[in-house]
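Trainee:
In my numbering, the protein residues as written are 766 to 892.
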């Protein structure tokens, strides 16, 4: 986390994308790095960077899509948000909530949900 803080203090671009179109915040979610995610979200808020610049990859997938990529044997959560972004489907017809749950990144899911104030409904579905 010290490296992340140093890079932010040196003015690193939070909207920079790698060869796959992923931002640092998306990588933090995908890698289940809760501490890094918290730091990056605070920095984005302090810098007043529009969410569209760091919440989505270059293909238009939301960062929550990237939190849930593991195997298909887990139960899924269905989020009933007051915003449309959690209802977006990826190229495998999975919503961000499916992906976050499948990856098993509960702490990051909880953080993202509280960050946006979404309502959570648990639906037990086996794939």
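Glycine residues also receive a C-beta, built at the ideal position from the N, C-alpha and C atoms.
Following a CB-centred definition, is residue 773 positioned closer than 7 angstroms to any heavy atom of the ligand FMN?
Mentor: For the structure depicted, the ligand FMN is absent and the ligand set is empty, with no information on it obtainable.
Trainee: Taking 8 angstroms as the cut-off, decide whether the C-beta atoms of residue 788 and residue 779 are in contact.
Mentor: For this step, residue 788 is matched to residue 23 along the chain shown. For this step, residue 779 is matched to residue 14 along the chain shown. For residue 788 and residue 779, yes; Cβs fall inside 8 angstroms.
Trainee: Sort 775, 811, 791 by Cα distance to residue 782 and report the nearest one.
Mentor: For the purposes of this step, residue 782 is taken as residue 17 along the chain shown, with counting starting at 1. Comparing Cα-Cα distances from residue 782 to each of 775, 811, 791, the minimum goes to 791.
Trainee: Between which residues of its own chain and residue 766 is the CB-CB distance below 7 angstroms, once the five residues before and five after are set aside?
Mentor: By one-based count along the chain shown, residue 766 stands at place 1. The answer, listed in chain order, is 800, 801, 804.
Trainee: I'd like to check one pair, residue 824 with residue 893: are the Cβ atoms closer than 8 angstroms?
Mentor: The chain is shown only over 766 to 892; residue 893 falls outside these bounds and no answer can be derived.
Trainee: By Cβ distance, which residues of its chain are closer than 8 angstroms to residue 807, with the 5 residues on each side in sequence left out?
Mentor: Walking along the chain shown from the start, residue 807 turns up at place 42. Excluding positions up to five away in sequence, the list is empty.
Trainee: When the Cα atoms are used, what is the spatial distance from residue 868 to residue 784?
Mentor: Walking along the chain shown from the start, residue 868 turns up at place 103. Walking along the chain shown from the start, residue 784 turns up at place 19. Using only the alpha carbons, I get a separation of about 22 angstroms.
Trainee: For residue 811, count the other beta carbons within 10 Å of its own beta carbon; 16 or more makes it buried, fewer makes it exposed. Which is it?
Mentor: As a working mapping, residue 811 is identified with position 46 in the chain shown. It counts as exposed.
Trainee: Helix, strand or coil: which one does DSSP assign to residue 809?
Mentor: In the chain shown, the residue the question calls residue 809 occupies position 44. Residue 809: helix per DSSP, three-state reduction.
Trainee: Between which two residues does the alpha helix (DSSP H) harbouring residue 774 extend?
Mentor: One-based indexing of the chain shown puts residue 774 at position 9. Segment 767-774, the alpha helix (DSSP H) holding residue 774.
Trainee: Pull up the distance between the alpha-carbon of residue 813 and that of residue 773, whole angstroms please.
Mentor: For this step, residue 813 is matched to residue 48 along the chain shown. For this step, residue 773 is matched to residue 8 along the chain shown. In a straight line, the C-alpha of residue 813 is about 14 angstroms away from that of residue 773.
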